[in-house]
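So the sequence shown is numbered by full-length UniProt numbering: it starts at 1 and just counts up by one.
We put the beta carbon where it would ideally sit given N, CA and C, even for glycine.
Just so it is clear, the structure is predicted and the values come from calculations on it, not from any experiment.
First comes the structure, then the notes that go with it.
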Amino acid sequence: MSTDSIDVTVHRGALSDVLCEQIAVVSQRGIGGFSDDRPVSASLVRSRLTNALTGAPPVLVLARAGEELVGWCAVRHPEPHEARARLWGPVVDPRVRRSGLGSQLLREVTGLVVWPLMTTDVPVDRPGAAEFFAGAEWRVLHEVTVLRGVPVPRGMATADNSVGFADLDGYVAAAARQFGGYPAGFAEATLPRWRDDARFQPDHLLLDPPTGSLLLALAQHNGASSELLLAELWATPAARRPLIRAAHTLAARQGLEAVRAVTRDDPTPFVACGMTVAGRCLIFTPPGDR
């Protein structure tokens, strides 16, 4: 595909269902076969790019060849008390990679925002991905481990869930402060943010009340595959493995095909529960950001 006919424009306003589906299609093509491969749907795109508390649409730049979307890059507005806004992309159709389009999208979108930024997870095993940000003089902020597991029932592994739990907001906020290290204002908004995610289900928020621990699991589907993402594990050392095992049982009960976890912490508890390390990812921040 020639890049001569590609137009790069700023999208203003809300995300339509059609646009979310187009972004999902391009994104799925881009991650296929790499450690961050996962089901991408239009609802996932909307949940990840839209500010959960305010509903503000992202700062979004699109690349089109005629009517076809071939690339995009976005910054989600930061939540109250969030230190950095999240950069999503640039994502470029494999047919126009290494054409300079990704660099153009990155320049365009970062030129439109004033917040400190951090990227989403950049897989080390995707050729050129980490080098792309390093070449733009972005620095590594965090390193994360990606793990995969099979949702085979593990005996009677169960855990309490949040259905009907009294003062769930307070429980989650306390876990966010204790285990997530979040400041009070951001911690108190944690559950409202989670509830606004289209993937959130109360029975997928697993709790260990004696220790104040929790595991947030999110089911992700598209037309081809499904998985349970272990999105947050805020737990004491003793509670980690029981919660992970309970999540595998939950995935089996829901008929999901895989379990995936992405963690900045020691992956040993996940490995001890039968998960395998699928890869590593890096999170970058721009030059000058602290």
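- DSSP lists Ser226 as the bridge partner or partners of His221.
- Taking 8 Å as the cut-off, the beta carbon of Val59 is found closer than this to the beta carbon of Val113.
- Exclusion of the five residues before and after Asn51 leaves Arg76, His77 and Glu79 as the residues of its chain whose Cβ lies within less than 7 Å of its Cβ.
- Remark: C-beta atoms of Glu232 and Ala258 do not approach each other more closely than 8 Å.
- Gly170 is the residue among Gly102, Asp197 and Gly170 whose C-alpha sits nearest the C-alpha of Ala184.
- Bounds of the alpha helix (DSSP H) holding Ala175 are Leu168 to Gln178.
- Spatial neighbours of Pro209 in its own chain (CB-CB distance under 7 Å, excluding positions within 5 residues in sequence) are listed in chain order as Asp160.
- Counted as a single uninterrupted DSSP element, the beta strand (DSSP E) harbouring Glu143 occupies residues Arg139 to Gly149.
- When the alpha-carbon of Ala252 is set against those of Thr263, Ala278, Leu229 and Ala238, the nearest one is in Leu229.
- As the crow flies, the alpha-carbon of Phe132 is around 10 Å from that of Pro90.
- Per DSSP, His81 lies in no alpha helix (DSSP H) segment and is marked neither H nor E.
- As computed with DSSP, Val271 is found in no beta bridge at all.
- Non-local beta-carbon contacts of Phe200 in its own chain, meaning distances under 6 Å to residues more than five positions away in sequence, involve Trp194 in chain order.
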